[in-house]
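Numbering-wise (the numbering used here), the sequence shown opens with residue 661 and increments by one. Encoded as structure tokens, the structure appears first; notes follow it.
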Amino acid sequence: MGGKSVKTVMQSVSVYAKDPLQQDWDGIAEKLIFAINNSQAGTWK
Numbered sequence: 661m662g663g664k665s666v667k668t669v670m671q672s673v674s675v676y677a678k679d680p681l682q683q684d685w686d687g688i689a690e691k692l693i694f695a696i697n698n699s700q701a702g703t704w705k
């Protein structure tokens with residue numbers, strides 16, 4: 661994953677993690693791992 665993609669993911673996760681009502685980390689972690697594993701870097705195209 662490229663640096664820009666990592667930054668975007670980290671920003672998204674940090675916003676989600678700061679919400680005290682978020683308790684479903686098992687579900688979100690599974691979706692994040694899927695998204696990361698199935699993303700394509702710009703250099704792959």
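No residue lacks a Cβ here, since even glycine has one placed at the ideal position from N, Cα and C. Note that this is a predicted model, so its numbers are computed, not measured.
State the Cα-Cα distance for the pair aspartate 684 and serine 665, rounded to the nearest angstrom. 23 Å
Contact set for glutamine 682: own chain, Cβ-Cβ below 7 Å, skip 5 residues either direction: Tyr676
Nearest-angstrom Cα distance between phenylalanine 694 and glutamine 671? In a straight line, the C-alpha of phenylalanine 694 is about 17 Å away from that of glutamine 671.
Residues in its own chain within less than 6 Å of glutamate 690 by CB, not counting five upstream and five downstream? none
Measure the C-alpha to C-alpha separation of lysine 667 and serine 674 and round it to an integer number of angstroms. 10 Å
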